[in-house]
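Enquirer: Chains as they are written, first to last, in the UniProt record's numbering: chain G, 1 to 344; chain H, 1 to 344.
Just so you know, even glycine gets a beta-carbon here, dropped at the ideal spot from N, CA and C.
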DNA sequence: ATAATATGCGTATACGTATACCCTATGGCG
DNA sequence: CGCCATAGGGTATACGTATACGCATATTAT
């Protein structure tokens, strides 16, 4: 039976049926305390019966609040399809869930690092705030972040948390994680520990992981050898190349700390090809605990970031910024997952 | 120098500066042909200078078009965090890109299959249409899809394409893919081929894959043995359990077609534990070509779906439906990726 | 009993854009 | 030279909600 009143009901329709004015309907549904319990109940009942739902556009236009947050995802190296870092994908899950819980919609967009996202999204009133995710050259990033701050845009960023980082940042304790990796290597008797990953200030997170590693080594009285550090971005190929370079360097090593699991997987391939046995000849630790980490042979010891906590924290921090609070950066601990690649 | 006019510029501001009326600004920026080239150029220049950007809410409210599409993602078995099928995640990439290309925003939301998404999203005017993604019990799904159709909601669904499927569907050629798997097994001399995956009408895609397998076997004069089919949902644990059941069944088999790579990976674990050698004793084919498929040992032969094409097709089909066209369902071919698990 | 609140709601209006409609000036045509 | 079509753009208004005010009635304080 088509009992369709021909078009979607508005707050006027339900006001008429409830015998009140339209503003009262608005107040009732938004939970204003200046409407009596009886009236509110009646309005809610009618609204439910009519399948009424607040028009998001009208609501946002009037209140200047969209109840939507935008997630901008950067992919710097690969404009090609789909080889997204699995780590961010799982964070996506917890972010969406957290948004839903808080009654926010999530707008998502993939961007090239060099595009003009900072202009476009700064405001066409699409969202109340922005979450920034992704790796990429930090120095490129920097200018755009500054622009956002200048424009007063509300945003949170996932990345390296330090005093001089721009805007509000949430991230893993990369230094602490690096220390864990180093301590674990030392515990199993390794002393010549290599690091694969960009350790410059173009990649602050990787840099922090390296710093942590060095710190652990120093604490154990070992002097980190700069010759054992080779740059790499987070990809399998890049890890493969870095490991080849390390081998070609001719400096002895008995352990590798890779700045990401993808790097580690590429490196393992290079080492295996070179006839080295893992973990006997070279122990390996990765970073992220992507699903593939438990499928490599040997299975990969790695540092698991708290993705669930990360998503929740990012959303929470952003919403508080939107509400005008001053929010402090926060840091999440990482957990070492021991697998075969460090089992001696 | 803060030359901020205190608040975001509106079309009135730029109309004033251009010496025209507000509607002319609107027309010029939307590309109406009833505004002279000179006027339009002038307006566009001023708009750019002021960093003017059309207010999405006002625009949508007036025009009743949001230029946004919603992506609803279902996860039936796991309400827990993050173990999303990697296949859908990579489709996400191509969907977002395609949306961006077409000038649409993408709203994303994860849903439990049994929640009331069909009511909530049907329209609070958040989006012009919906893309539905995810596995789950099809019979549960069915009723909600019918409701959507009834309400006139525009949507596209990723899934099994058949005559009786509800609404507009885009999907892989699962039957053809199953045939490819079967033909490949037969080509390498296998005849006792098992299938791991739900083959009932609760999972039409898996059912189609099984149908294709059977078809290939029949074409080769082999009679499919129902005892070699064991139900499984798309997860590693489920694949492990199914393979255990298959082994326990006591019926001989020399090949397994798994309905997904996750199932295949779980099954490989079970077989290895049981002392079977792959591919010598049992050949294996999976489905999806997730990143992990090239990391298992042996590496996994699998069917790769055209995710890039899928995303594009989904978005394209939906936009055409939104524009009122009648759109036919479409089917995408899958490609067999041969790896070690079928290399005899 | 009267002034001072508070409660519950109606009136009016603003949010910023898009579109239906109308008007003017021009040019082409007979 | 009068008529009509057309280009170009102005006027008025609608989209559906949220909020600033104001105004009764009910409640308390004095």
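1. Identify whether residue 3(G) lies in helix, strand or coil by the three-state DSSP scheme.
2. Output the distance between the C-alpha atoms of residue 336(G) and residue 302(G), rounded to the nearest integer angstrom.
3. Just verifying my parser: in three-state terms, what is the DSSP assignment at residue 20(G)?
4. Please check if any C-beta of chain H sits within less than 8 angstroms of the C-beta of residue 160(G).
5. When burial is assigned at 16 or more other CB atoms within 10 Å of the CB, is residue 107(H) buried or exposed?
6. Return yes when the Cβ of residue 182(H) is within less than 8 angstroms of the Cβ of residue 134(H), no when it is not.
7. Looking at the secondary structure, which residues open and close the beta strand (DSSP E) in which residue 68(H) lies?
8. For a contact defined as C-beta to C-beta under 7 angstroms, what are the partners of residue 280(H) on chain G?
9. If you draw a straight line from the C-alpha of residue 15(H) to the C-alpha of residue 124(G), how long is it?
10. Put residue 25(G) into one of helix, strand or coil per three-state DSSP.
11. Pairs of beta-carbons, one from the stretch 289-306 of chain H and one from the stretch 130-149 of chain H, closer than 8 angstroms: are there three or more?
12. What are the boundary residues of the beta strand (DSSP E) that residue 258(H) is part of?
13. Taking Cβ-Cβ distances below 9 angstroms as the criterion, which residues of the stretch 81-110 of chain H are in contact with chain G?
14. Helix or strand or just coil, what does DSSP make of residue 176(G)?
15. List, in chain order, every chain G residue whose beta-carbon is nearer than 7 angstroms to that of residue 56(H).
16. Tell me, please, whether the CB atom of residue 313(H) is closer than 8 angstroms to any CB atom in chain G?
17. Just checking: is the beta-carbon of residue 265(H) within a distance shorter than 8 angstroms of some beta-carbon in chain G?
18. Measure from the C-beta of residue 297(H) to each C-beta in chain G and report whether the shortest distance is under 8 angstroms.
19. Please classify residue 226(H) as buried or exposed, where buried requires at least 16 neighbouring CB atoms within 10 angstroms.
20. Near residue 111(H), what residues of its chain come up, given a Cβ to Cβ distance below 6 angstroms and the 5 sequence neighbours on each side ignored?
21. What's the gap between the Cα of residue 249(H) and the Cα of residue 195(H)?
22. For residue 60(H), return the contacting residues in chain G, with the cut-off set at a CB-CB distance below 7 angstroms.
23. At a Cβ threshold of 8 angstroms, is residue 53(G) touching chain H?
24. Which residues, in order along the stretch 163-186 of chain H, keep a beta-carbon less than 9 angstroms from a beta-carbon of chain G?
25. Report the neighbours of residue 292(G) on chain H: residues whose CB is nearer than 7 angstroms to its CB, in chain order.
26. Three-state secondary structure (DSSP) at residue 244(H)?
27. From this set, 331(H), 44(H), 28(H), 104(H), which residue's C-alpha is nearest residue 56(H)'s C-alpha?
28. Under 8 angstroms by Cβ, that's how I've got residue 128(H) and residue 30(H) pegged, so tell me the actual separation to the nearest angstrom.
29. So, is residue 151(H) buried or exposed, given that buried needs 16 or more other C-beta atoms within 10 angstroms?
30. What does the alpha-carbon distance come out to for the pair residue 52(H) and residue 327(G)?
31. Please report the distance separating the alpha-carbon of residue 25(H) from that of residue 11(H).
32. Confirm, please, whether the CB-CB distance from residue 140(H) to residue 157(H) is below 8 angstroms.
33. In chain order, what residues of the same chain lie with their CB nearer than 7 angstroms to the CB of residue 230(G), ignoring the 5 residues before and after it?
34. Which residue or residues does DSSP assign as beta-bridge partners of residue 105(H)?
35. Out of 257(G), 177(G), 143(G), 239(G), which has the shortest C-alpha to C-alpha gap to residue 202(G)?
36. How big is the Cα-Cα spacing for residue 258(H) and residue 154(H)?
Expert: If we stick to the structure as given:
1. The sequence position of residue 3(G) within the first chain is 3, counting from 1. Note that residue 3(G) scores 38 on pLDDT, short of 50, meaning its location in the model is unreliable; the coordinates nonetheless yield the value given after this. Residue 3(G): coil per DSSP, three-state reduction.
2. For this step, residue 336(G) is matched to residue 336 along the first chain. For this step, residue 302(G) is matched to residue 302 along the first chain. Each residue's alpha carbon lies about 6 angstroms from the other.
3. Translated into positions along the first chain, residue 20(G) becomes position 20. Reduced to three states, the DSSP call for residue 20(G) is coil.
4. Along the first chain, read from residue 1 onward, the residue named residue 160(G) stands at position 160. No, its Cβ sits nowhere closer than 8 angstroms to a Cβ of chain H.
5. In the second chain, the residue the question calls residue 107(H) occupies position 107. The residue is buried, with at least 16 neighbouring Cβ atoms inside 10 Å.
6. Against the second chain, residue 134(H) aligns to sequence position 134. Against the second chain, residue 182(H) aligns to sequence position 182. With a cutoff of 8 angstroms on beta-carbon distance, residue 134(H) and residue 182(H) are scored as not near each other.
7. Residue mapping note: residue 68(H) aligns to position 68 of the second chain, counting from 1. From DSSP, the beta strand (DSSP E) with residue 68(H) extends over 68-74.
8. One-based indexing of the second chain puts residue 280(H) at position 280. Within chain G, not a single residue places a beta-carbon under 7 angstroms from that of residue 280(H); the smallest gap is close to 18 angstroms.
9. Within the second chain, numbered from 1, the residue matching residue 15(H) stands at position 15. Within the first chain, numbered from 1, the residue matching residue 124(G) stands at position 124. Cα-Cα distance, rounded: 18 angstroms.
10. For this step, residue 25(G) is matched to residue 25 along the first chain. Here residue 25(G) sits in helix by DSSP.
11. no
12. To locate residue 258(H), count along the second chain from 1; it is residue 258. Where residue 258(H) is concerned, the enclosing beta strand (DSSP E) starts and stops at 255-258.
13. Cβ contacts with chain G come from 81, 82, 83, 84, 86, 89, 90, 91, 92, 93, 94, 96, 97, 99, 100, 105, 106, 107, 108, 109, 110.
14. Here residue 176(G) is taken as the residue at index 176 of the first chain, counted from 1. Three-state result, residue 176(G): helix.
15. Sequence index remark: in the second chain, residue 56(H) carries index 56 (1-based). Correct list: 124, 125, 126.
16. The residue labelled residue 313(H) in the question sits at position 313 within the second chain. Not closer than 8 angstroms to any Cβ of chain G, the Cβ of residue 313(H) fails to qualify, so no.
17. Position 265 of the second chain, counted from the start, is the residue given in the question as residue 265(H). It does: the Cβ of residue 265(H) has a partner Cβ on chain G nearer than 8 angstroms.
18. Counting from one through the second chain, the residue named residue 297(H) turns up at place 297. Yes, its Cβ sits closer than 8 angstroms to a Cβ of chain G.
19. Walking along the second chain from the start, residue 226(H) turns up at place 226. The residue in question, residue 226(H), is exposed, as its Cβ has fewer than 16 Cβ neighbours within 10 Å.
20. For the purposes of this step, residue 111(H) is taken as the residue at position 111 of the second chain. For residue 111(H), where only same-chain residues beyond five positions count, the Cβ hits under 6 angstroms are 72, 74, 117.
21. Numbered from 1 along the second chain, position 249 holds the residue referred to as residue 249(H). Numbered from 1 along the second chain, position 195 holds the residue referred to as residue 195(H). In a straight line, the C-alpha of residue 249(H) is about 13 angstroms away from that of residue 195(H).
22. Along the second chain, one-based indexing puts residue 60(H) at 60. Going along chain G in sequence order, the residues near residue 60(H) (Cβ under 7 angstroms) are 57.
23. One-based indexing of the first chain puts residue 53(G) at position 53. For residue 53(G), the answer is yes, since a Cβ of chain H falls inside 8 angstroms of its Cβ.
24. none
25. Here residue 292(G) corresponds to residue number 292 of the first chain, with the count starting at 1. Residues of chain H passing the Cβ test: 291, 292, 295.
26. The residue labelled residue 244(H) in the question sits at position 244 within the second chain. Here residue 244(H) sits in helix by DSSP.
27. If you number the second chain from 1, residue 56(H) lands on position 56. Measuring from the Cα of residue 56(H), the nearest candidate turns out to be 104(H).
28. Sequence index remark: in the second chain, residue 128(H) carries index 128 (1-based). Sequence index remark: in the second chain, residue 30(H) carries index 30 (1-based). Actually they do not touch by this definition, with Cβ atoms about 17 angstroms apart.
29. Against the second chain, residue 151(H) aligns to sequence position 151. It is exposed - the Cβ of residue 151(H) has fewer than 16 other Cβ atoms within 10 Å.
30. In the second chain, residue 52(H) corresponds to position 52, counting from 1. In the first chain, residue 327(G) corresponds to position 327, counting from 1. Their backbone Cα atoms lie some 30 angstroms apart in a straight line.
31. As a first step, residue 25(H) must be located in the second chain, where it is residue number 25. As a first step, residue 11(H) must be located in the second chain, where it is residue number 11. The straight-line gap from Cα to Cα measures roughly 6 angstroms.
32. On the second chain, position 157 is the one that residue 157(H) refers to. On the second chain, position 140 is the one that residue 140(H) refers to. With a cutoff of 8 angstroms on beta-carbon distance, residue 157(H) and residue 140(H) are scored as not near each other.
33. Here residue 230(G) is taken as the residue at index 230 of the first chain, counted from 1. Once the five neighbours on either side are set aside, the close Cβ partners of residue 230(G) are 196, 242, 245, 246.
34. As a working note, residue 105(H) is residue 105 in the second chain. Answer is 68(H), bridged to residue 105(H).
35. For the purposes of this step, residue 202(G) is taken as residue 202 along the first chain, with counting starting at 1. Looking at the Cα atoms, 143(G) is the closest of the given residues.
36. Translated into positions along the second chain, residue 258(H) becomes position 258. Translated into positions along the second chain, residue 154(H) becomes position 154. One Cα belongs to residue 258(H), the other to residue 154(H), and the distance between them is close to 34 angstroms.
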